[in-house]
Amino acid sequence: MADKFQNRTLGRVGFDVHPLGVGASYGVGAQGIEEAFDRGVNYFYWAWSRRGGMAEGIRRISKKGREKIFIVITSLAPSEFMIRRSVEGALRALGTDYVDGLQFYVRKDRPLSPGWQLDAALKLREEGKIRHICATGHHRPNFAAFHKEKFMDVFHVRYNAVHRGAETEVFPHLPPKGDPARPGVVAFTVTCWRKLINASPSRIGGLAVPTAGDCYRFSMSNNNIDVTLCGAANEEQMRHALDAVDKGPMTEDEMEWMRQVGAALYK
């Protein structure tokens with residue numbers, strides 16, 4: 160068996176991150192968050208659905224060492240005032256004085272640029288309430304330009320065996336790993352909204368249907384990615400994701416199998 164996945168550096172942020180991160184939208188509770196932390200996970204994305212169970216888990220693990228974890232929140236607020244209100248509400252809910260990242264969703268026709276959105280984030284950063292600015296979006300060409308912005312530290316990029324466009328539209332356009340200008344890269348929707356794990360065998364030509372753990376390993380096996388987000392709904396799914404880390408990188412045969420499954424589903 161291959162050695163388990165090792166920690167990585169979150170780009171120019173410089174934070175030592177576990178290769179698996181946890182997102183809040185699917186329901187894992189405080190116990191699952193604590194178990195993940197005890198097994199090394201330290202990247203927590205409390206985002207679109209700010210679930211109370213994850214908030215409680217983050218409060219608990221923060222008591223074990225706030226500096227050991229990296230918390231990212233997101234904001235869709237339509238004004239500078241509402242962004243501030245959203246961030247300060249998150250700080251109260253999580254029982255912390257700061258979050259490590261504030262993420263903005265960037266549309267194809269409305270890239271993040273100096274203005275009220277960025278002004279709000281920079282002011283919050285000056286006040287110590289956030290430490291880094293992050294970006295996400297589904298229009299991959301935006302990311303090629305974002306890394307040149309000194310204020311943009313972490314990218315959340317869609318990547319899975321079905322949607323592999325980041326391999327040509329994002330990763331080659333970033334500075335190489337180890338370059339102090341390279342942003343952190345976090346992969347999301349790695350199960351392709353469960354399409355990979357719910358695939359019909361007939362649709363994929365009789366190939367084996369991947370598990371969620373296979374999807375996580377496929378993403379974590381890509382060295383361009385620092386953190387792979389999992390969307391565990393409960394403690395059992397959380398353990399399944401953590402066990403995938405222990406299995407280590409996929410072999411080339413396994414990677415090719417995942418690519419073939421993804422290609423069949425993409426048609």
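When the letters of the sequence shown are read in order and numbered with our numbering, they come out as residues 160 to 426.
From the three backbone atoms N, C-alpha and C, an ideal C-beta is built for every residue, glycine too.
Residue range of the unbroken beta strand (DSSP E) whose run includes residue i
| i | result |
| --- | --- |
| Thr233 | Phe229 to Ser234 |
| Asp261 | Here the sequence assigns Leu to residue 261, which means Asp is not the residue at that position. Note, Leu261: beta strand (DSSP E), Val258 to Tyr264. |
| Phe302 | First-last for Phe302: Pro300 to Phe305, but that is the alpha helix (DSSP H), not the beta strand (DSSP E). |
| Thr295 | Ile289 to Gly296 |
| Gly180 | Leu179 to Gly182 |
| Phe347 | Gly343 to Phe347 |
| Tyr204 | Tyr202 to Trp205 |
| Asp312 | Met311 to Arg317 |
Straight-line gap, residue i to residue j (C-alpha atoms, nearest Å)
| i | j | result |
| --- | --- | --- |
| Gly390 | Lys163 | 20 Å |
| Thr168 | Val344 | 10 Å |
| His322 | Val246 | 31 Å |
| Gly248 | Thr410 | 44 Å |
| Glu415 | Glu215 | 40 Å |
| Ile289 | His315 | 17 Å |
| Asn301 | Arg398 | 35 Å |
| His298 | Gly182 | 21 Å |
| Glu328 | Lys426 | 20 Å |
| Ala279 | Phe347 | 25 Å |
| Lys309 | Leu281 | 12 Å |
| Asp385 | Cys351 | 19 Å |
| Ser404 | Pro360 | The question names Ser, yet the displayed sequence has Val at residue 404. If I take the Cα positions, the gap works out to 26 Å. |
Proximity below 8 Å, CB of residue i to CB of residue j
| i | j | result |
| --- | --- | --- |
| Ile230 | Thr255 | yes |
| Ala303 | Phe263 | no |
| Pro331 | His306 | no |
| Ile232 | Ser221 | no |
| Ser234 | Ser208 | no |
Sequence-distant residues of the same chain with beta carbon closer than 7 Å to residue i, five excluded per side
| i | result |
| --- | --- |
| Val420 | Ala320, Leu355, Ala358, Ile363, Leu366 and Pro369 |
| Pro273 | Confidence at Pro273 is low in this model, with a pLDDT of 49, below 50, so the placement of that residue should be treated as unreliable; the coordinate-derived value is given next. Around Pro273: no qualifying Cβ. |
| Arg198 | Leu401 |
Close Cβ partners of residue i (< 8 Å) along its chain, the five nearest in sequence each way excluded
| i | result |
| --- | --- |
| Pro339 | Arg171 |
| Asn393 | Gly186, Val187, Gly188 and Gly191 |
| Leu283 | Ile242, Arg243, Val246, Leu261 and Ile289 |
| Gly287 | Asp256 and Tyr257 |
| Val200 | His177, Leu179, Gly180, Val181 and Leu401 |
| Arg225 | Thr255 |
| Gln276 | Glu239, Ile242 and Phe263 |
| Leu250 | Asp256, Tyr257, Val258 and Lys288 |
Minimum Cβ-Cβ distance from residue i to chain C less than 8 Å
| i | result |
| --- | --- |
| Arg219 | The structure shown contains no chain C; it is built from a single protein chain. |
Bounding residues of the alpha helix (DSSP H) (the contiguous stretch that carries residue i)
| i | result |
| --- | --- |
| Cys389 | It is not in any alpha helix (DSSP H) - Cys389 instead sits in the beta strand (DSSP E) that spans Val386 to Cys389. |
| Phe196 | Ala189 to Asp197 |
| Cys374 | Ala371 to Met379 |
| Ile356 | Where Ile356 is concerned, there is no enclosing alpha helix (DSSP H), given that its DSSP letter is neither H nor E. |
*Kindly confirm or deny that the stretch 187-203 and the stretch 241-249 touch, where touching means at least three C-beta pairs closer than 8 Å.*
The stretch 187-203 is not in contact with the stretch 241-249.
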